[in-house]
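Step one of this worksheet: look at the structure below.
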Amino acid sequence: MIHFLRTTNSKMFRGTALLRLDFNTKDDWRMRAVLPTIQLLLKTSEKIVIISHRGRPQGGKIVNGIPVGFEKSLNLKRDAESLSRLLGKKIIFIPHFRFVEIKKIITTAPRGSIFLLENLRFLKGEEKNDASLARQLSTCADFYVNDAFAVSHRANTSIVAITKILPSYAGLEFEKEIISLGKVMKAPHRPLIFVIGGAKAADKLGIIQYFKNKADWFLLGGGSANTMLRLRGYDIQKSIADNDAGDKKDFKKISKYKKVILPQDCVWKGDAIFDIGVKTAQQFSTIISDAKTIIWSGPVGMTEKRAYEHGSASVARAIIKNRSAFSIVGGGETVAFLKKHGLDKKFSFISTGGGAMLDFLAGKKLPGIEALKKK
Ligand code: 3PG
Numbered sequence: 002m003i004h005f006l007r008t009t010n011s012k013m014f015r016g017t018a019l020l021r022l023d024f025n026t027k028d029d030w031r032m033r034a035v036l037p038t039i040q041l042l043l044k045t046s047e048k049i050v051i052i053s054h055r056g057r058p059q060g061g062k063i064v065n066g067i068p069v070g071f072e073k074s075l076n077l078k079r080d081a082e083s084l085s086r087l088l089g090k091k092i093i094f095i096p097h098f099r100f101v102e103i104k105k106i107i108t109t110a111p112r113g114s115i116f117l118l119e120n121l122r123f124l125k126g127e128e129k130n131d132a133s134l135a136r137q138l139s140t141c142a143d144f145y146v147n148d149a150f151a152v153s154h155r156a157n158t159s160i161v162a163i164t165k166i167l168p169s170y171a172g173l174e175f176e177k178e179i180i181s182l183g184k185v186m187k188a189p190h191r192p193l194i195f196v197i198g199g200a201k202a203a204d205k206l207g208i209i210q211y212f213k214n215k216a217d218w219f220l221l222g223g224g225s226a227n228t229m230l231r232l233r234g235y236d237i238q239k240s241i242a243d244n245d246a247g248d249k250k251d252f253k254k255i256s257k258y259k260k261v262i263l264p265q266d267c268v269w270k271g272d273a274i275f276d277i278g279v280k281t282a283q284q285f286s287t288i289i290s291d292a293k294t295i296i297w298s299g300p301v302g303m304t305e306k307r308a309y310e311h312g313s314a315s316v317a318r319a320i321i322k323n324r325s326a327f328s329i330v331g332g333g334e335t336v337a338f339l340k341k342h343g344l345d346k347k348f349s350f351i352s353t354g355g356g357a358m359l360d361f362l363a364g365k366k367l368p369g370i371e372a373l374k375k376k
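Numbering (the numbering used here), first residue to last: 2 to 376.
Now the structure itself:
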């Protein structure tokens with residue numbers, strides 16, 4: 002049974018909260034989604050210690066508890082500033098991992114203080130579900146709240162191992178996600194269409210396999226499409242694609258499914274595919290216009306660049322135009338793109354999860370959900 006923050010007696014939350022969030026987007030929309038959880042904890046608890054990750058850091062190391070040599074853009078200092086602006090409250094950013102010192106800083110700070118620790122993925126143990134890192138993290142707080150649904154498909158220390166030590170709860174956004182996504186997938190109305198794009202192709206395999214009989218079409222763009230195009234013998238040159246040999250067999254199988262529709266034309270920049278072409282956008286829009294349930298994860302082009310937004314904008318407009326369909330969209334990049342253009346309001350449900358949303362919909366057991374159940 003999961004203990005939800007919303008329904009648990011607030012007396013349980015009197016000490017310091019270790020709050021796992023997911024700031025892994027370019028803008029602040031995932032942060033905005035969890036503001037109600039922070040505000041609730043500010044009322045019920047003494048202090049809040051926020052932990053998060055950003056990106057997939059490589060190359061740096063930890064010297065005397067201090068991160069050295071990591072990409073600057075993966076540092077969470079800017080997130081502390083953004084969160085402080087959104088909450089109208091000071092956020093104390095802790096740029097190191099000297100846990101004895103951190104504990105002292107927290108203990109001596111006044112009630113109502115909010116801390117943000119540095120990117121947890123700078124620590125080798127985070128992605129290894131490491132018990133000793135979990136013990137170190139647990140010294141910072143009295144109880145743990147997971148409001149990072151978007152990373153709950155990863156068996157990471159701050160998602161799973163930590164729940165073995167501290168009393169653990171699901172945050173408000175986390176609860177909303179599992180209830181809303183759970184309801185939708187019980188009996189989706191047909192035609193059921195998936196639009197699958199983005200860079201992380203391997204994350205999207207499960208959903209195609211799981212829904213291969215229940216869905217009507219899978220419309221592929223981005224890295225997922227490129228990976229399949231290559232398997233069908235198309236020369237994608239230097240386009241983003243999944244190169245993981247471990248997944249090759251599954252990709253190959255999927256690339257043969259008749260329901261998987263790959264781009265018939267593409268927009269190139271130099272030697273890489275940057276967007277689906279006009280004909281493909283038109284074909285995708287026609288299929289979407291007949292759907293009764295639409296699930297979208299991952300932009301079908303490089304939406305970071307205006308010139309390659311056309312495919313994703315066409316998909317978004319087609320979904321919005323189909324008023325009789327139930328539409329779900331998820332994933333950092335996709336939602337950021339929709340929000341940037343004010344297109345997000347018309348979707349039936351917006352999930353903070355990308356891979357997590359797809360795994361959940363595919364009936365997989367998410368390590369983060371299972372871990373909360375055990376407590
Ligand atoms: C996401 O943005 O989907 C989550 O933060 C998970 O990130 P990951 O795919 O790097 O684990």
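The beta carbon of each residue, even a glycine, is placed where N, CA and C say it ideally should be.
Inset, instruction - Compare the beta carbon distance of G312 and G331 with 7 angstroms and say whether it is the shorter of the two. - result: With respect to the 7 angstroms criterion, G312 and G331 are not classified as neighbours on the basis of their beta carbons.
Legend entry - Cβ-heavy atom distance, V35 to the ligand 3PG, below 6 angstroms: Incorrect: V35 has no Cβ contact closer than 6 angstroms to the ligand 3PG.
Inset, instruction - State the beta-bridge partners of N147 as determined by DSSP. - result: DSSP output for N147 lists R21 and A171 as bridge partner(s).
Inset, instruction - Report, in whole angstroms, the separation of the C-beta atoms of L230 and L182, which I expect to be a contact under 8 angstroms. - result: A Cβ-Cβ separation of about 30 angstroms leaves L230 out of contact with L182 under the 8 angstroms criterion.
Inset, instruction - Can you tell me which of the three DSSP states A317 falls into? - result: Helix.
Inset, instruction - Determine the contact status of A337 and D28, defining contact as a CB-CB distance below 7 angstroms. - result: Yes; because the gap between Cβ atoms is below 7 angstroms, this pair is in contact.
Legend entry - Proximity test, S152 beta-carbon vs the ligand 3PG heavy atom, cut-off 6 angstroms: The residue asked about is misnamed: residue 152 is Val in this sequence, not Ser. Within the cutoff, so yes.
Inset, instruction - Check V261 in the structure and name its three-state DSSP category. - result: If DSSP states are grouped into helix, strand and coil, V261 belongs with the strands.
Inset, instruction - Tell me whether S349 sits in a helix, a strand or coil according to DSSP, three-state version. - result: S349 sits in coil when the DSSP states are folded into three classes, being neither helix nor strand.
Legend entry - Straight-line Cα distance separating A142 from E47: Each residue's alpha carbon lies about 10 angstroms from the other.
Inset, instruction - State the beta-bridge partners of W297 as determined by DSSP. - result: For W297, the beta-bridge partners assigned by DSSP are V196 and V330.
Inset, instruction - May I ask you to check if the CB of D23 is nearer than 6 angstroms to at least one heavy atom of the ligand 3PG? - result: Yes; taking the cut-off as 6 angstroms, the Cβ of D23 has a heavy atom of the ligand 3PG nearer than that.
Inset, instruction - Would you tell me roughly how many angstroms separate the C-alpha atoms of I115 and E174, rounded to the nearest one? - result: Within the model, the alpha-carbon separation for I115 versus E174 is close to 19 angstroms.
Legend entry - Sub-7 angstroms separation of E178 and F5 beta-carbons: Not closer than 7 angstroms, so no.
Inset, instruction - Mind reading off the beta-carbon distance from S153 to G369? Whole number of angstroms is fine, and I expect it under 8 angstroms. - result: Beta-carbon to beta-carbon, S153 and G369 are separated by about 3 angstroms, close enough to satisfy the 8 angstroms threshold.
Inset, instruction - For E72, count neighbouring Cβ atoms within 10 angstroms of its own Cβ and tell me buried if that reaches 16, exposed if not. - result: Burial call: exposed.
Inset, instruction - Let me know the secondary structure DSSP gives F252 once reduced to three states. - result: Here F252 sits in helix by DSSP.
Inset, instruction - Provide the residue(s) that pair with L77 in DSSP beta bridges, ordered along the chain. - result: Bridge partners of L77: none, in fact.
Inset, instruction - Going by CA-CA distance only, name the one from I329, A308 and T108 that's closest to S298. - result: Looking at the Cα atoms, I329 is the closest of the given residues.
Legend entry - Test item: CB-CB of L232 and K201 under 7 angstroms: Cβ distance not < 7 angstroms, so L232 and K201 don't count as in contact.
Inset, instruction - Tell me whether the beta-carbon of L167 lies closer than 7 angstroms to the beta-carbon of S133. - result: No, they are not a contact pair.
Inset, instruction - For S315, count neighbouring Cβ atoms within 10 angstroms of its own Cβ and tell me buried if that reaches 16, exposed if not. - result: By the 10 Å Cβ count, S315 comes out buried.
Inset, instruction - Could you tell me whether the Cβ of K341 comes closer than 7 angstroms to any Cβ of chain D? - result: Among the chains of the structure shown, chain D does not appear; only one protein chain is present.
Legend entry - Heavy atom of the ligand 3PG within 6 angstroms of G223 beta-carbon: It does not: the Cβ of G223 is nowhere closer than 6 angstroms to a heavy atom of the ligand 3PG.
Inset, instruction - Give a single yes or no on whether G199 has its beta carbon closer than 6 angstroms to a heavy atom of the ligand 3PG. - result: For G199, the shortest separation between its Cβ and any heavy atom of the ligand 3PG does not lie below 6 angstroms.
Inset, instruction - Check whether the Cβ atoms of L193 and T294 sit closer than 7 angstroms, and answer yes or no. - result: Yes, they are a contact pair.
Inset, instruction - Can you say whether I197 is buried or exposed, counting buried as having 16 or more other CB atoms within 10 angstroms of its CB? - result: Classification for I197: buried.
Legend entry - Host beta strand (DSSP E) of F219 (start-end): Counted as a single uninterrupted DSSP element, the beta strand (DSSP E) harbouring F219 occupies residues W218 to L221.
Inset, instruction - Please indicate yes or no: does the CB of R324 lie closer than 6 angstroms to some heavy atom of the ligand 3PG? - result: For the ligand 3PG, not one heavy atom lies less than 6 angstroms from the Cβ of R324.
Legend entry - C-alpha distance - L221 paired with V261, whole-angstrom precision: Taking the straight line joining both Cα atoms gives about 7 angstroms.
Legend entry - 6 angstroms Cβ shell around E128 - same chain, five flanking residues per side excluded: Non-local C-beta neighbours of E128 in its own chain, meaning closer than 6 angstroms and more than five positions away in sequence, comprise N157, ordered along the chain.
Legend entry - Closer than 6 angstroms: G369 CB and nearest the ligand MN heavy atom: No copy of the ligand MN occurs in the structure displayed; its ligands are the ligand 3PG alone.
Inset, instruction - Return yes when the C-beta of R155 is under 6 angstroms from any heavy atom of the ligand 3PG, and no when it is not. - result: Checking the 6 angstroms criterion, the Cβ of R155 is within range of a heavy atom belonging to the ligand 3PG.
Inset, instruction - In the DSSP assignment, find the alpha helix (DSSP H) that holds V35 and state where it starts and stops. - result: Looking at the DSSP string, V35 is not in any alpha helix (DSSP H), and its letter there is neither H nor E.
Inset, instruction - For L206, collect the residues of the same chain with a Cβ closer than 8 angstroms to its Cβ; drop the 5 residues on either side in sequence, then sort them by chain order. - result: Around L206: D248, D251, F252 and I255.
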